[in-house]
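Residues in the sequence shown are numbered from 1 upward in steps of one, following the UniProt record's numbering.
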Amino acid sequence: VPPGKTVALVGPSGSGKSTIIRLLFRFYDTEQGAILIDGQNVKTVRQDSLRRAIGVVPQDTVLFNNTIKYNIQYGRVNALDADIVAAAKSADIHTRILSFPEAYNTQVGERGLKLSGGEKQRVAIARTILKSPAVVLLDEATSALDTQTERNIQAALTQVCKNRTTIIVAHRLSTIIHADEILVLKDGEIVERGRHEELVASGGVYSNMWHQQLENDSSEVAIREQSESGTGEIG
């Protein structure tokens, strides 16, 4: 993965995306080949050092049963209040936090249940921005959100990835059309690689996935518009 570039991994369940992530974190090592980040083989780096250099925004954000401030500050425990606020602003969650009666001292509840899905993700993004890692991993970071919330959160995700080496595991292909390179996985192998425009034009696996998602998105919009207009009928 070249420094400062964005690489996306796409493919159906069981295609090997999670395996690559485990290799990246060195939960186990490769028997053949190598994973290079910024030109450095991850096998030559200590696990604790490697994991400190990676910031993750996962699909299912884990928040502690504590305050919003605590959950953001977990990214860098010695961070100043001003740094925490700056990270929250970059994640576009600062104004929302101030709307709570206790502001940054608001308790989020067990696993963050007092926050909406979008708010939880923004807190996770703020945490990652505060950590300021060399490498950012977005592990299906918005796949659990509805389409509108996902669109609203993209600007914050762009901010966290700015000028950083980024690896995106994606379900919705619309979130990775900007990637410098897309790797298409199937049955544990890379079957296609290239930029979005190239892969769509090639008419292969990625192209089929892209057109299928366009059809699904169009159907979703039509259903929502029908529901909002009140013209839907039952029976």
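The beta carbon of each residue, even a glycine, is placed where N, CA and C say it ideally should be.
- Annotation note: the stretch 22 to 106 contains the following uninterrupted beta strand (DSSP E) runs of length 3 or greater, listed N- to C-terminal: 54 to 58.
- Going by beta carbons, A87 and G75 fall inside the 9 Å limit.
- The secondary-structure analysis by DSSP pairs T128 with nothing; it has no beta-bridge partner.
- A check of alpha carbon separations from I68 across R111, H171, T106 and H178 identifies T106 as the nearest.
- Considered as a whole, the stretch 172 to 226 harbours 196 to 202 as its complete alpha helix (DSSP H) runs of no fewer than 4 residues, in chain order.
- Following the DSSP letters along the chain, one finds V135 inside the beta strand (DSSP E) bounded by residues V135 to D139.
- A straight line joining the alpha-carbon of S49 with that of L185 spans about 28 Å.
- Sixteen is the threshold: since fewer than 16 other Cβ atoms of the shown chains lie within 10 Å of the Cβ of R22, the residue is exposed.
- In the three-state DSSP reduction, V108 falls in the coil class, being neither helix nor strand.
- Straight-line spacing of the CA atoms in P2 and G33 works out to 17 Å.
- Distance between E189 and I97, taken at the CA atoms: about 43 Å.
- For the pair R111 and S202, the Cα-to-Cα distance works out to about 43 Å.
- DSSP, read as helix, strand or coil, puts V123 in helix.
- Judged by DSSP in its simplified three-state form, L113 adopts coil rather than helix or strand.
- Within the DSSP bridge table, the entry for T19 names no partner.
- Distance from the CA atom of I93 to the CA atom of E31, rounded to whole angstroms, is 43 Å.
- For V1, there is no enclosing beta strand (DSSP E), as DSSP gives it neither H nor E.
- Burial check for R122: the Cβ neighbour count within 10 Å reaches 16 or more, so the residue is buried.
- Considering only E102, L63, A134 and E215, the residue with the shortest C-alpha distance to G118 is L63.
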